[in-house]
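Asks: For the protein sequence lines, the chains are V and F, in the order given. Residue numbering for the first sequence follows the working numbering, beginning at 1 and increasing consecutively. Residue numbering for the second sequence follows the working numbering, beginning at 1001 and increasing consecutively. We put the CB at the ideal spot given by N, CA and C, even for glycine.
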Amino acid sequence: MAEPQERHYNIERLNMIFALASCVLLLALVWMVADDYSREWKNYQRDFRALEIEKTRVKYDYAENELKAKEEYRSLGDHLKEARKAFDANCRSALSAGAQKKLAVEDDLLNQKYKFAKAEYDAARYRYETAKANGGAGVGQAQKELDETGLKLASLKSALDRSSQQLADQKKTADACGARLKDLERQERAFLQKINIFKRKLAKIDPNEMNFTNRIADMVRDLPILDLANPNFKLQQIVLKDIPEDLNFAKVPTVDRCVTCHLGISNPDYKDAPQPFTTHPNLGLYLGNNSAHPLDDFGCTVCHGGRGRGTDFASAVHTPSSARQAREWEKKYHWRPLHHWEKPMLPMTHVEAGCFQCHAGQTVIKGAEKLNLGLNLIEKAGCYACHEIDRYKNWPKPGPDLTKLGSKISKSWAYRWIEDPHAFRSNTWMPAFFNQSNTNDPQSVKRGEQEIHAIVAYLFQNSGKPAAILEENSGDFAQAEIPSAGDPQKGKELVASIGCLGCHRIEPLSQDQPATRDILRREHGPNLVGLGSKTSNKWVYNWLKNPHAYNPDTKMPSLRLSDQEAADIGAYLVSLRADVYDKTTIPPVDETVLNEITVDFLKKTETEGAARAKLATMSLDEKLSYCGLRLIRQYGCFSCHNIAGFEKEKPIGTALTEEGSRPVERLDFGFVPIDHTREAWFFQKLKDPRVFDGGKVKPEDEKLRMPNFHFSDEEAEAVTTALLSFVKEVPEAKIVARTPRNLAIERGQQLVRTLNCQGCHIVEKEGGAIQPSVKEWLVNYNNTSENEAGAVVPSFSPPDLIGEGKKVQSAWLFHFIHEPTTVRPWLKARMPTYALDNGELNDLVQYFVALDGEDALFEENIQGALPEEEHQAAEKLFGKDYFDCAKCHIIGSQLPGGSPENWAPDFALAKSRLRPEWILKWLTNPQDLLPGTRMPTYFDPAGFDAAGPEDILGGDERKQIRALRDYLLTLTQQPGDQPAQPSADHP
Amino acid sequence: METIKHFINTVCRPQIIFPVILAVFFFIFPPTERLLAANKKLGLYKLWTQKGGIALFCGLILAFVFGLTDPNFTKIVTKPDNVPIVGLIFLIVFFVWFSMKQAWENDARIAQGGKPKEADDAKEKILVWPDLVYIEFIALILCTVLLILWSILLKAPLEEPANPTVSPNPSKAPWYFLGLQEMLVYFDPWIAGVLFPTVIIIGMMAIPYLDTNKKGGGYYSFAQRKTAVSIFMFYWLVLWLFLITVGTFLRGPNWNFFGPFEPWDIHKLEALTNINLSDLVYMTWLKQRLPQNIFLREIGGFLVLLFYFGALPLVLAKTWFKELYARLGPVRYSIFIVLLLLSVSLPIKMFLRWVFNIKYIIAIPEFFFNI
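(1) For the alpha helix (DSSP H) containing F/Ile-991, list its first residue and its last residue.
(2) Considering Cα atoms alone, identify which of V/Asn-282, V/Val-259, V/Trp-329, V/Asp-272 is closest to V/Arg-307.
(3) Classify F/Lys-1226 as buried or exposed, calling it buried when 16 or more other Cβ atoms lie within 10 Å of its own Cβ.
(4) Per the DSSP calculation, F/Pro-1130 is bridged to which residue(s)?
(5) Tell me the start and end of each unbroken beta strand (DSSP E) in the segment 879–957 of chain V that is at least 3 residues and wholly inside, in chain order.
(6) In the structure shown, what three-state DSSP assignment does V/Gln-846 receive?
(7) Within 8 Å, do at least three Cβ pairs link the segment 399–418 of chain V to the segment 550–567 of chain V?
(8) Less than 7 Å between C-beta atoms, sequence neighbours within five positions excluded: which residues of the same chain meet that for V/Lys-380?
(9) So which residues of chain F does V/Tyr-9 contact, with C-beta pairs closer than 8 Å?
(10) Can the beta-carbon of V/Gly-299 be found closer than 8 Å to that of V/Leu-240?
(11) Which of helix, strand or coil does DSSP assign to V/Tyr-62?
(12) Would you say F/Thr-1198 reaches chain V, if we count a Cβ-Cβ gap shorter than 8 Å as a contact?
(13) Taking the alpha-carbon of F/Asn-1009 as reference, which of F/Ala-1119, F/Leu-1035, F/Lys-1046, F/Gly-1067 has the nearest alpha-carbon?
(14) Determine, for V/Met-430, whether the minimum Cβ-Cβ distance to residues of chain F falls below 8 Å.
(15) In this structure, what does DSSP give as the bridge partners for V/Arg-662?
(16) Classify F/Thr-1049 as helix, strand or coil using the three-state DSSP reduction.
(17) For the candidate residues V/Ile-452, V/Ala-28, V/Asn-427, whose alpha-carbon lies nearest to that of V/Ile-632?
(18) Residues of chain F with CB closer than 8 Å to the CB of V/Trp-31, please, in chain order.
(19) Contact criterion: CB-CB distance below 8 Å. Does V/Ser-22 meet it with respect to chain F?
(20) Can you pull the chain V residues whose beta carbon is under 9 Å from the beta carbon of F/Glu-1160, in chain order?
(21) DSSP on V/Glu-245, reduced to helix/strand/coil?
(22) Under 8 Å between C-beta atoms, does F/Ile-1299 make it to chain V?
(23) Compare the C-beta of V/Glu-6 with all C-beta atoms of chain F and state if any pair is closer than 8 Å.
(24) Taking CB distances under 8 Å as the criterion, tell me whether F/Pro-1164 reaches chain V.
(25) What residues in the segment 213–236 of chain V bring their beta carbon closer than 7 Å to a beta carbon of chain F?
(26) Are the C-beta of F/Ile-1141 and some C-beta of chain V separated by less than 8 Å?
(27) Apart from the five residues just before and just after F/Glu-1366, which ones in its own chain have a Cβ nearer than 8 Å to its Cβ?
(28) Less than 8 Å between the beta carbons of V/Ala-515 and V/Leu-295, yes or no?
(29) How far does the beta strand (DSSP E) with V/Thr-254 in it extend, from its first residue to its last?
(30) If you run the structure through DSSP and keep just helix, strand and coil, what is V/Ala-432?
(31) Mind checking the segment 1108–1129 of chain F against chain V and listing, in chain order, the residues whose C-beta falls within less than 7 Å of any C-beta there?
(32) Which partner residues does V/Tyr-286 have in the DSSP bridge list?
(33) From the DSSP output, in three-state form, read off F/Ser-1345 for me.
(34) Can you check DSSP and say which residues form a bridge with V/Thr-833?
(35) Could you spell out the range, first to last residue, of the alpha helix (DSSP H) harbouring F/Val-1166?
(36) From V/Lys-271 to V/Cys-91, what distance separates their C-alpha atoms?
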């Protein structure tokens, strides 16, 4: 008998609680599965699928309509119907279906029988062979069996052959009968080919186009848990084995899952689709299979940054371009900054920073305009002088030499200049050190005044002294007297014409002019406004005559001016004065403040008492000089300028080679309320370098020292892009190969940049910055109307150097750059003489050669003598009746008539200057080599064979061109013609 | 509002809160008769009643509600890493209150000559099946539900792969080790990381042999075991859980101390200049330079230690712990007193650090021997 058991709890109630708890557990589990199943990217994939169906349907409809509109297709339908009817009527009845089927069955049966017989025969053969080999027992029996099965096999084989033949015959008859139908069907298939592609695709993705079973499968495969097999909606990823991601303890391949949501990124059909489906804006350069950066090889994060493994908006570490966008994203995508990821995506404003990783070697990164501008600004501002940047190792100091400055400027000018360089020249690259946001309180201003006095004193005390280390740069600037007084008016015209304006400007410029690389080229050298307030006529004269005597490292070339020209230009330039600037008052030297500064410096190595004692022994000059030395070291003036006594100093700034990878927490934001991102910090720093001292209490010598370059917003943004691009880890496998050719181009580009070739010439389709100035000259001095000037500017500007490597002989180019000669006498602008060494000259020549893909430095040898017949033919072509070459071209001393803007280069130079192969191509089609050239196209490429005159050399155009070329190469040797003298000095 | 927050921030500074806790603790958990009398006089025992419990919880909840109006407090408290510690605070308060309530109730019954409540339970009989198993199973289900919901609603705070060049600031140990990490502030690693953990384990193993009080077995009681409970509560609540809470919520970047309403400013600077005992002896008191001889230099510290571990046990045996000495006998007493003094050295050192800026009692960095 069961006793009623003792209970502590009411079991009925526990049952209830248990039931309730179980239900809650079930609900929690359901929630868990649902939570795990629902992913942001699945929604995107669903949306994309709808979009894909829509797009495919549109395409399908379009293709269908197009097809239906085709006459051939419609008539084909009629024919097909007809042919089917005919087939049914004629062929089908002709082949009695029953008989054919019977025949086929018989054939199959025979075939089967044959296979059995064959197997039996093979087995019998084996038995016979083994019996025989084993010594004869049973050989007779085995042989008998073999013969029997062999006979059976043979008879079956012949029966089978007969039956197969019969079948084949019947089929042939049927085929012949249905040949027309088949042909028509093939034609139909060809028509439907395109449409069928869409149809098949729709059947795959559109449930409405699927058959019943597929539709069920389509639904089931994406259900929770069942989706483990092969779901429609799944992660898409690109695995890049050759670009490892450094996890500090292990390297793993980069995995980019961006394409999980950015589904249309490499598909041109989605240009107008909403994000995240939008096509990449530049498929020609990126992602396309034939582009330079195919998607499967480069992925996304390699260039863009971000976290490739992230599969939702925030975890992919998207970076907003502005605070407004950040707020928008927070609302729309639950975006939040993910501070654990050190390589966040580059905001769109700085997206070009990604290019630099692999293209760091290239001077110009084609297509990355903002980055290029940023890099150019870094070069112009000379950031690399104080901050070590790998790319700019061995670049020259950006500022002028100060070892002889006593001969050039006055102390008061130097004071005013250091105090506020932008007051004298609004767009100077000399930055402002004083009166900045952390030094504009009255006390600091006072101190600053005395600091400037000290720096000026040091510079002037050490000017012209033989420096210990730079022997060749020691001593003072020996200045010759100006032989005759210059004419400022003439000087002005010369400056406007001979090419000074390729690098210099002589007009006050507002600071808010747009920043472009072209404008930077025009401002390669200092703006010459107010030069008269700065230096003397004599100094300018001597400088112009030989800049390298004053500073052997100067970038200023010589324009081979005559004494009179130099005097004229000097007279003009010193007539430009900045009177307001001259009148600013200079506070006197204040010894009390100076004492304070001196003691502050002395205290660094000595106790206060000793410092005071030492101070008492110093004269005012000594104090100035001592403070000057210490201040120049503190502010790093020597980084940009050669200053006596600082030959061995190291740069004072933070190294920037890996600045773009610097962890944000290592940037001191001080109390400045900006976003804590690298880009925000860089931008703020560039706009106001001292801003992060705001609100801090610091002794004078611990204050931030970076000077203010007065960057515009646009410039600061470009430099920020460049700074972001200086990163630590780069995808080694993708770096642009450093082949000899690429290296030659890189070296050349660097020279082109530092020498500012593009200030005058167009090189690599960029440059020609001088052209606006040439136009002004034409209007002001050459009586050309505004419109006309615009048209002829290219003729009066230094030439476009496109294809220069193909065009001219390397030896000629080498000598020409070394010592320029006149090629185009009508040009007023002169090719300057640079003090280049042999290495640099060779680099330039190799650059042009490499740029045009030429590998031979030397041209083929052409024999001078020309067969008589060809000589005559060429002379005819050359003459007035045909091409009349001398109408434009100069031949030695013989100048063509007409106005100079129509003149063309000297034939006498052709033999030594031009590559013979190039002349052939040039004569064949000049527009091909130099689009827009004024050289007429005598041999129209459209109808080349009929282009040349029929009566010369049998009308063979190729022969004509060759003869003409060979003739041109003889022109220097013609008796009576004087070879053209280099007349650069007197064009 | 801001004034209140500022007041709380100030009070939470260790220099203040730690002495206050030391002072208040022994009134709440009185180890001696006199303190027990004081406790009763002040009515502090009323905490361990139904009303006291409600008040305690209401106070705690109100404190959090008030705190959540502040963004800094909210940010720190709702960080996924820190949420368990919030739970820990509530659970600890509940269980301490629950056990103390039963103990005081039993004490009252015994004082009236009755038996503790547990005596009512049937003897030698536990209803395992199905009663116990059933409720355990239900508890298991509910815990599973809790964990699932927690994992859904509060995503695991996983971060990116560790980078040896960028250590997080502050770098914190797992929550259960934060007490040990806090000890590192006051002692050298060999003491805080090796000696103390070892002594803690040995000490806990020694408890059954040292505690010869047979009362209080099988039922809750405070009055009968007040010294034992008080000592335990001191280590458990103050030196372990309090330090974990401090380490979680009040230690910010650079291991600086931050009030609960103070923003965690990575650049915060605190004047944390500490001196050694020898500096205090020679420079401040005797006004002379430190002697060259290491032993001579640290003689003050050695004397203090000698007194602390050598003389103090004897003195205590004659005075405060007279009764205890008589009960335990010399061997047990020695072990007990050494363990006690060792463990009391932690709060003493903390107190010295916070209030007098003492760094080391004995500082011989030449041999890495600092106490």
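Replies: Based on what the coordinates show:
(1) Residue 991 of chain F is absent from the structure shown; chain F starts at 1001 and stops at 1371.
(2) V/Val-259
(3) buried
(4) Looking at the DSSP assignment, F/Pro-1130 forms no beta bridge with any residue, so it has no partner.
(5) With a minimum length of 3 residues, no continuous beta strand (DSSP E) run stays inside the segment 879–957 of chain V.
(6) Reduced to three states, the DSSP call for V/Gln-846 is helix.
(7) yes
(8) Here the set comprises Trp-429, Leu-520.
(9) Asp-1131, Tyr-1134, Ile-1135
(10) Inclusion of V/Gly-299 and V/Leu-240 in the CB contact set at 8 Å is warranted, their separation being smaller than that value.
(11) In this structure, V/Tyr-62 counts as helix in the three-state DSSP scheme.
(12) no
(13) Nearest of F/Ala-1119, F/Leu-1035, F/Lys-1046, F/Gly-1067 to F/Asn-1009, Cα basis: F/Gly-1067.
(14) So, not an interface residue.
(15) Per DSSP, none; premise fails for V/Arg-662.
(16) coil
(17) V/Ile-452
(18) Ile-1148, Leu-1149, Ile-1152
(19) Closer than 8 Å: yes.
(20) Leu-247, Arg-307, Leu-338, His-340, Trp-341, Glu-342
(21) strand
(22) no
(23) Against chain F, the CB of V/Glu-6 has a partner CB under 8 Å away; the residue lies at that interface.
(24) Cβ-Cβ to chain V under 8 Å: yes for F/Pro-1164.
(25) Residues passing the 7 Å Cβ filter: none.
(26) Chain V contact via Cβ: present.
(27) Ile-1294
(28) Their beta carbons are not under 8 Å apart, which means V/Ala-515 does not touch V/Leu-295 by this criterion.
(29) Start and end: 251–256.
(30) strand
(31) Leu-1127
(32) As computed with DSSP, V/Tyr-286 is found in a beta bridge with V/His-293.
(33) Of the three classes helix, strand and coil, the one that applies to F/Ser-1345 here is helix, per DSSP.
(34) DSSP output for V/Thr-833 lists V/Ser-558 as bridge partner(s).
(35) Run containing F/Val-1166: none; DSSP gives neither H nor E here.
(36) 54 Å
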